[in-house]
Amino acid sequence: MNNNIFNKWSRMAFIASGLILASCSQDFLDTTPTDQVASSVIWTSKNLAERVVNGIYEHMTYEYRDNPWLTCNMTDAFTEIEDEDMNWVNGNAPLLMGSSTASSGIYADMWRKMYETIYRCNDVIDHIDQVPDMTDQEKEKAKGEALIARGWHYYRLNVLYRGVPIYEHVYDNTNCTKARSTADEVWKQIIDDCTNAINNPSLPDKNATNDANWGRMTKGAAYFLRGQVYLWQKEWAKAEADFKKLGSIGYKLFNSYGPMFTVENEKNDEYILQYQYTEDESCGNFFSWTYGNRNSKGYSWNNYIPNPYFVDSYQKADGSKFNIDDILPGYTKMKPGARVVFYLRNGLTDEEIKAFQKKYEADGIDMSKYLPDGNEERLAKVYNDRDPRMAQNFILPYSHYIGGCTGQDIKYTLRWPYRGSDGAEPYDLRTDTNDRFYYLWRKFVWVGASLKDQGRSPIDIPVFRYAEALLGLAEALNEQGKTDEAVNVLNQVRNRAGVAPLTMTAGKPTSVTGTDNLRTRIQDEYGWELAGENRMFWHELRWGIWKDKKFNKGNGMTEIWGTKRYTNTFQGDYSILWPIPQKELEMNANLKQNPGWY
Numbered sequence: 001m002n003n004n005i006f007n008k009w010s011r012m013a014f015i016a017s018g019l020i021l022a023s024c025s026q027d028f029l030d031t032t033p034t035d036q037v038a039s040s041v042i043w044t045s046k047n048l049a050e051r052v053v054n055g056i057y058e059h060m061t062y063e064y065r066d067n068p069w070l071t072c073n074m075t076d077a078f079t080e081i082e083d084e085d086m087n088w089v090n091g092n093a094p095l096l097m098g099s100s101t102a103s104s105g106i107y108a109d110m111w112r113k114m115y116e117t118i119y120r121c122n123d124v125i126d127h128i129d130q131v132p133d134m135t136d137q138e139k140e141k142a143k144g145e146a147l148i149a150r151g152w153h154y155y156r157l158n159v160l161y162r163g164v165p166i167y168e169h170v171y172d173n174t175n176c177t178k179a180r181s182t183a184d185e186v187w188k189q190i191i192d193d194c195t196n197a198i199n200n201p202s203l204p205d206k207n208a209t210n211d212a213n214w215g216r217m218t219k220g221a222a223y224f225l226r227g228q229v230y231l232w233q234k235e236w237a238k239a240e241a242d243f244k245k246l247g248s249i250g251y252k253l254f255n256s257y258g259p260m261f262t263v264e265n266e267k268n269d270e271y272i273l274q275y276q277y278t279e280d281e282s283c284g285n286f287f288s289w290t291y292g293n294r295n296s297k298g299y300s301w302n303n304y305i306p307n308p309y310f311v312d313s314y315q316k317a318d319g320s321k322f323n324i325d326d327i328l329p330g331y332t333k334m335k336p337g338a339r340v341v342f343y344l345r346n347g348l349t350d351e352e353i354k355a356f357q358k359k360y361e362a363d364g365i366d367m368s369k370y371l372p373d374g375n376e377e378r379l380a381k382v383y384n385d386r387d388p389r390m391a392q393n394f395i396l397p398y399s400h401y402i403g404g405c406t407g408q409d410i411k412y413t414l415r416w417p418y419r420g421s422d423g424a425e426p427y428d429l430r431t432d433t434n435d436r437f438y439y440l441w442r443k444f445v446w447v448g449a450s451l452k453d454q455g456r457s458p459i460d461i462p463v464f465r466y467a468e469a470l471l472g473l474a475e476a477l478n479e480q481g482k483t484d485e486a487v488n489v490l491n492q493v494r495n496r497a498g499v500a501p502l503t504m505t506a507g508k509p510t511s512v513t514g515t516d517n518l519r520t521r522i523q524d525e526y527g528w529e530l531a532g533e534n535r536m537f538w539h540e541l542r543w544g545i546w547k548d549k550k551f552n553k554g555n556g557m558t559e560i561w562g563t564k565r566y567t568n569t570f571q572g573d574y575s576i577l578w579p580i581p582q583k584e585l586e587m588n589a590n591l592k593q594n595p596g597w598y
């Protein structure tokens, strides 16, 4: 983002609340560097106190700008949406490989990150009233923002661990000895925090996109978060009310899906909460690095690979289920290697044809199916007339991407097998996995050569979106038996996407046949709409479908035609709940481990 609450950085460190803050200042704040300001001094100055409040937001942005290899941040890698590449998965996602223990780093990293931000929130809540040169309204607004941020972090802890210690005030290593509260008690804490923020007259419902406060917590974020908790509790009517409130206070869908995820359009009325980034050093997000490809500016790594089972699940634009056998007869009955013939580029040499025949002969490949002058055109029919979000989220075979690795904007094409070089015809799109053929991410990946560095993307990343609120509203309505109304709400999301609306009229591919049918359709819509935004893991755990979705069919990192690089291994039902990190158990004898973990 070019002009946001973090658009100027100062090199400063606060010894405040027991934490050292290397913090980002706001464009409306004094950016004079301050070195080692004592905690006793922080709360004597409005300027310093506001910087501590800003530190809450700054710490949240670390999720996507600090250590891109930490899968605990990129939670879509825990779902069927994407897989982590082979170089990273064994070390960073042992849960997916069936090898994790309570000492595995992902659990400690998540616990630490969540409680560090909770600590900062508590610091503001406890001390902001001491600041002599802040108005009562400014103090109350800061407390409201901190309450919502605290709730957001307790929400994720509770989803993962189902009961964690609740700290409402500043703590340190000497008094950080609470036992775990129950999951219900944590849900109540989040609801109370959100309700207090909603009842706070100093907190706005929504910030205008041209407001200097754009990007800060609002009552809208509190309604959204409280609605998510109500979904967990199956308090459908309460969830319905909260999600409906968002529409009444000014949130609405952006007019176009794909362009929304760009710097040009990131200030919009659909974003309820987003993490804000700039191109300044250490201030950008790493999506263009880990989602991008070798032709992205900075020669990115494509570490997160879209899973073909998920990508191929996108419907046809008319709302009917896509069946690849309608275009490539017999495809689904072939072994994966036999399907390669359909993905080959036009104009293979005789030697290349013979080489592919030999390589995949054991899988029964039939190279007579290869069309030297029409293979690409035949495959294009697989991707034509599909849900437009498919091509807006992913780089599909023989589609284009404007890369900038050479310092110039060049149109590359994803072809198989790869030929050429970055700066010469035929401008094949190059990946970090050139010997294999995968779907690639388009969403959040920088286009062209103007980016300063691969790890400094200024694109804001949405955390709470109004589209997700509409999906939650449709879900809450459906579970109350209000099927007609739920369909109308869901169709708002589908209409914006350019997919045929669902109907209650029988006999059509888009016909809703009842509550159970609509429940499945809503769950599918969550994935198609939110892919790449690290939202689905939380929902799949809530629905109880994570195990089946992530581990079905021996799922894992998979080439487009089905050949696997590795398969996931389910560790056991106990692994659905994360373990309390071993070192936390050692430091706090009052903590009890989740069943099954050691």
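In UniProt numbering, the protein residues as written are 1 to 598. We treat Cβ as the ideally placed atom computed from N, Cα and C, and that holds for glycine. In this text the structure is predicted, and so the values were computed from the model without any measurement.
Separation of residue j from residue i, as counted between CA atoms
i: I580; j: G544; result: 21 Å
i: G337; j: D363; result: 5 Å
i: N73; j: D548; result: 22 Å
i: A589; j: G572; result: 26 Å
i: R140; j: C121; result: At residue 140 the sequence reads Glu, which differs from the Arg that was named. Straight-line Cα distance between these residues: approximately 13 Å.
i: T569; j: D205; result: 45 Å
i: Q26; j: N265; result: At Q26, the pLDDT of 35 sits below 50, so the modelled position is not reliable; the number obtained from the coordinates is stated separately. If you take the alpha carbons of Q26 and N265, they lie about 21 Å apart.
i: S104; j: W301; result: 24 Å
i: residue 604; j: A102; result: The structure shown does not extend to residue 604, since the chain spans only 1 to 598, so no value can be given for it.
i: F394; j: Y401; result: 10 Å
i: R565; j: S45; result: 56 Å
i: G284; j: N67; result: 12 Å
i: Q480; j: W236; result: 7 Å
i: I118; j: Q357; result: 58 Å
i: P501; j: L471; result: 14 Å
i: E376; j: K411; result: 17 Å
i: E485; j: A467; result: 16 Å
i: N196; j: D126; result: 15 Å
i: R345; j: P165; result: 57 Å
Burial state of residue i (16 or more Cβ within 10 Å)
i: N293; result: buried
i: H153; result: buried
i: Y251; result: buried
i: E525; result: buried
i: D428; result: buried
i: H169; result: exposed
i: M587; result: exposed
i: K443; result: buried
i: A208; result: exposed
i: T290; result: buried
i: Y574; result: exposed
i: A424; result: exposed
i: Q36; result: Residue confidence is low: Q36 scores 44 on pLDDT, short of 50, so the model does not pin down where it sits. Its coordinate-derived value is still stated next. With fewer than 16 Cβ atoms within 10 Å of its Cβ, Q36 is classed as exposed.
i: Q274; result: buried
i: A146; result: buried
Per DSSP, the bridge partner or partners of residue i
i: S457; result: N285
i: K564; result: T558
i: D428; result: T413
i: L379; result: Answer is none; L379 lacks a bridge partner.
i: F464; result: L273
i: T503; result: S511
i: W214; result: In DSSP, W214 forms no bridge with anything.
i: W441; result: F394
Contact with chain D by residue i, beta-carbon distance below 7 Å
i: T406; result: In the structure shown, chain D cannot be found, because there is only a single protein chain.
Residue i vs residue j beta-carbon contact at 7 Å
i: Q276; j: D460; result: yes
i: K178; j: I198; result: no
i: T278; j: P458; result: yes
i: G403; j: S296; result: yes
i: R386; j: Y314; result: yes
i: T503; j: S511; result: yes
i: D422; j: T406; result: yes
i: V463; j: A474; result: no
i: Y304; j: E82; result: yes
i: K550; j: T79; result: yes
i: Y360; j: V340; result: yes
i: G124; j: V41; result: Strictly speaking, residue 124 in this sequence is Val, with Gly absent from that position. No. Outside cutoff.
i: G151; j: L203; result: no
Counting only runs that start and end within the stretch 269-310, where is the beta strand (DSSP E) found for 3 or more residues in a row? 271-275 and 304-306
Jot down the residue ranges of each uninterrupted beta strand (DSSP E) in the stretch 146-205, minimum 3 residues, whole runs only, in chain order. none
Unbroken alpha helix (DSSP H) runs of length 4 or more, entirely within the stretch 45-114: which are they? 46-61, 86-92 and 94-97
Which parts of the stretch 564-594 are runs of the alpha helix (DSSP H), unbroken and 4 residues or longer, counting only runs that do not cross its ends? 582-587
May I have a chain-ordered list of the beta strand (DSSP E) segments no shorter than 3 residues that lie completely inside the stretch 315-399? none
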